[in-house]
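With the working numbering, letter number 23 in the sequence shown gets 1496, and the count goes up by one each step, no holes. In this text, a Cβ means the ideal position worked out from N, Cα and C, and glycines have one as well. If you're wondering where the values come from, they're calculated on a predicted model, not measured in any experiment.
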Amino acid sequence: FKVHHSLFEQLEQLAETQKVSRSELIESLLIESLAAHIK
């Protein structure tokens, strides 16, 4: 859980710097994690 928490903190910072909506960020993250698992 600690790893995920730090990940979300980094995502929050990314969203703030890149002005990206959180839903888009989470969506892209899910796609990346899914792709990694498929490999």
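In the three-state reduction of the DSSP assignment, S1494 falls in the coil class, being assigned neither a helical nor a strand state. With contacts defined by Cβ atoms closer than 8 Å, L1502 and L1484 form a contacting pair.
In the same chain as I1511, and ignoring 5 residues on each side of it, no C-beta atom comes closer than 6 Å to its own.
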